[in-house]
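Position 25 of the sequence shown, counting from 1, maps to 35 under my numbering, and the rest follow consecutively.
Where is the CB? At the ideal position from N, CA and C, for every residue including glycine.
Working notes for the structure below.
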Amino acid sequence: MLIKLFKQQIDRFNKTGYNTFRIFSKFHKTISSCFTV
């Protein structure tokens, strides 16, 4: 039971974490291109 709950939390974190990571990488690319100029 506890392991199942823990796995749900990990899955949820992976989804939100992945979205955050995508946004962050997009943002990072924008900043990098600004600084290269």
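Using the Cα positions of residue i and residue j, report the straight-line distance between them to the nearest angstrom.
{"i": "Ile33", "j": "Gln19", "result": "21 Å"}
{"i": "Gly27", "j": "Leu12", "result": "22 Å"}
{"i": "Ser35", "j": "Arg22", "result": "20 Å"}
{"i": "Lys25", "j": "Ser43", "result": "27 Å"}
Quick one: what's got a C-beta closer than 6 Å to residue i's C-beta in the same chain, skipping five residues either side?
{"i": "His38", "result": "none"}
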